[in-house]
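Inspection log for the structure reproduced underneath, given as structure tokens.
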């Protein structure tokens, strides 16, 4: 009799196992709560597994027992900024910051932990290099939208990298979050032909054609404008833009260099640093008016301004296109002019 009972129990267990293989959502009613990585409490592990098969493939069990208020921190672990505070994982991969490592535990490197702060030692490779040893298009399903320089929104940075390898080698990330209507202006920043119709820039460099000069305003020569058509001087060389090493997104997030010059973004500044080791970052944002360049002892041209429209109101009651243009007026036309506030002047402030 005991043998028959044992056989019945085994047969019942085998039937339940077959059922589970057929339908992962045919779960027992047993109450054995577990907490999922989406911050939700499930009645038992089988119910969590059901949810995983029903549209949440990245779902994992965080711990036994119901979730509490802190467990919601597990939702979307890949919402990370790009602040450079590197950590080395015990998988010998350097991650941009701790958040990126924690993201990897739910995507590419389950169970990875911090080995130590800072970059991994020289003999190891970084995360991107390791990823690219495989298939760059094997991407996690995590939703962390980014905007590409082609004006398209990608589900996450990995999907953008995939597109880059699938036929768009010049593609770069412009910013986090989906693209908007203005982001299409980033397309084809430096897609210039080599037609020889030289123009001379006010930096005394001859550019192959107008397109190459316009490209330089976002790569090697921020703020450059056409001085005249034709070559600058017979002795000057045609500027051959090093597009691959200085390809930067066409986005205006200004930074101030130690030469007192405002650069449209940190990428452009780094491009200049590569050819000018003495140059560095002074601070984020546009440079203040008439900054004295320490290295040369020369004052930069205060009217060498970008054309971005970021209006400011001066103490003369006039609205200027941006802070640099106000500084230009202060140096050339309105001595003593200062910034009253950001934004257009109000009617009552206009003199």
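Numbering (the working numbering), first residue to last: 293 to 643. Note that beta-carbon positions come from the ideal geometry of N, C-alpha and C, so glycine has one too.
Using the rule of at least 16 other Cβ atoms within 10 Å of the residue's Cβ for burial, across every protein chain shown, is residue i buried or exposed?
| i | result |
| --- | --- |
| residue 586 | A caution first: residue 586 carries a pLDDT of 38, below 50, which makes its placement in the model too unreliable to give a value. |
| residue 521 | exposed |
| residue 633 | exposed |
| residue 406 | exposed |
| residue 487 | exposed |
| residue 493 | buried |
| residue 627 | exposed |
| residue 518 | exposed |
| residue 640 | exposed |
| residue 625 | exposed |
| residue 321 | exposed |
| residue 557 | buried |
| residue 360 | exposed |
| residue 323 | exposed |
| residue 576 | exposed |
| residue 549 | buried |
| residue 637 | buried |
| residue 349 | exposed |
| residue 381 | buried |
| residue 358 | exposed |
For residue i, which three-state DSSP category applies?
| i | result |
| --- | --- |
| residue 574 | strand |
| residue 619 | helix |
| residue 394 | helix |
| residue 517 | coil |
| residue 356 | strand |
| residue 385 | strand |
| residue 633 | strand |
| residue 414 | Only weak support exists for where residue 414 lies, its pLDDT of 45 falling under 50; the value from the coordinates is given anyway. In this structure, residue 414 counts as coil in the three-state DSSP scheme. |
| residue 471 | coil |
| residue 407 | strand |
| residue 319 | coil |
| residue 607 | coil |
| residue 333 | strand |
| residue 560 | helix |
| residue 380 | strand |
| residue 439 | strand |
| residue 534 | Since pLDDT at residue 534 reaches only 33, below the 50 mark, its modelled position is unreliable, and the value read off the structure follows with that caveat. Coil, per DSSP. |
| residue 492 | strand |
| residue 624 | helix |
| residue 453 | helix |
| residue 338 | helix |
| residue 548 | strand |
| residue 507 | helix |
| residue 640 | helix |
If distances are taken between C-alpha atoms only, which option among the options comes closest to residue i?
| i | options | result |
| --- | --- | --- |
| residue 579 | 444, 336 and 614 | 614 |
| residue 616 | 328, 603, 456 and 558 | 603 |
| residue 629 | 605, 639, 636 and 635 | 605 |
| residue 429 | 445, 317, 458 and 440 | 458 |
| residue 635 | 610, 627, 622 and 624 | 610 |
| residue 619 | 554, 574, 559 and 561 | 554 |
| residue 315 | 338, 321 and 325 | 338 |
| residue 378 | 356, 409, 349 and 396 | 409 |
| residue 317 | 323, 346 and 324 | 346 |
| residue 355 | 375, 326, 348 and 381 | 326 |
| residue 439 | 324, 469 and 560 | 469 |
| residue 523 | 575, 561, 319 and 491 | 491 |
Compare the beta carbon distance of residue i and residue j with 8 angstroms and say whether it is the shorter of the two.
| i | j | result |
| --- | --- | --- |
| residue 373 | residue 404 | no |
| residue 343 | residue 328 | yes |
Assuming residue i contacts residue j under a Cβ cut-off of 8 angstroms, what Cβ separation, rounded to an integer in Å, is found between them?
| i | j | result |
| --- | --- | --- |
| residue 448 | residue 431 | 7 angstroms |
| residue 516 | residue 485 | 19 angstroms between Cβ atoms; not a contact. |
Between residue i and the ligand NAD, is there a pair consisting of the residue's CB and a ligand heavy atom that are separated by less than 7 angstroms?
| i | result |
| --- | --- |
| residue 334 | With respect to small molecules bound, the structure shown includes none, and the ligand NAD cannot be examined in it. |
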